[in-house]
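Input: a single structure, listed below in structure tokens.
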Amino acid sequence: MEKELCFVTVIGKDQKGIIARMANSVYEKEINIEDISQKVLEGYFVMSMLIDVQDSDYSLDEIEKDLREIGEEMGLQVQLQHEEIFKAMHRV
5 MEKELCFVTV IGKDQKGIIA RMANSVYEKE INIEDISQKV LEGYFVMSML
55 IDVQDSDYSL DEIEKDLREI GEEMGLQVQL QHEEIFKAMH RV
């Protein structure tokens, strides 16, 4: 089965519920979390999520809008980037 992968990055002041809210948002849209990594550095939360949007009926714009709204409510910066754009930007 082919995957359509996107990278989600979240940065901001550490607080309870960040992972839960982001994960719940993608779950509600039939999106699978392929990989997730998070760290807290000097009180700042940094998370990268690799998600597969292949089975979702939502557009990338809708997915990003919802994640950014959660980020705004929590004082976080959220970015969604399609795998192809990520690869093009990081090609050596």
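Quick note on the working numbering: the sequence shown kicks off at 5 and runs consecutively.
Glycine included, each C-beta is placed from N, C-alpha and C at the ideal position.
Do you know whose CA, among the options, lies nearest residue i's CA?
i, options, result
"Glu68", "Met26, Gln19, Gly21, Gln42", "Met26"
"Glu34", "Ile23, Ala24, Asp61", "Asp61"
"Lys20", "Asp39, Leu84, Ile55, Glu77", "Glu77"
"Ile23", "Val44, Lys7, Asp59, Asp65", "Val44"
"Asp18", "Tyr31, Ser63, Glu46, Gln85", "Glu46"
Would you please state the rounded distance, in angstroms, between the beta carbons of residue i and residue j? I believe it to be under 8 Å.
i, j, result
"Gly79", "Phe49", "Their Cβ separation, rounded to whole angstroms, is 10 Å, which puts Gly79 and Phe49 out of contact at 8 Å."
"Ile74", "Met53", "No, Ile74 and Met53 are not in contact; Cβ-Cβ is about 13 Å, not under 8 Å."
When we look at the beta-carbon of residue i and count the other beta-carbons within 10 Å, is it buried (16 or more) or exposed?
i, result
"Val57", "buried"
"Ser82", "Per the sequence shown, the amino acid found at residue 82 is Val instead of Ser. When all chains shown are included, Val82 counts as buried."
"Met51", "buried"
In terms of DSSP beta bridges, what is residue i paired with?
i, result
"Lys20", "BP columns for Lys20 are empty, so no partner."
"Val12", "Met53, Leu84"
"Leu45", "Tyr48"
"Asp39", "Leu54"
Inter-stretch contact at 8 Å, needing at least 3 Cβ pairs: the segment 7-24 / the segment 83-90
yes
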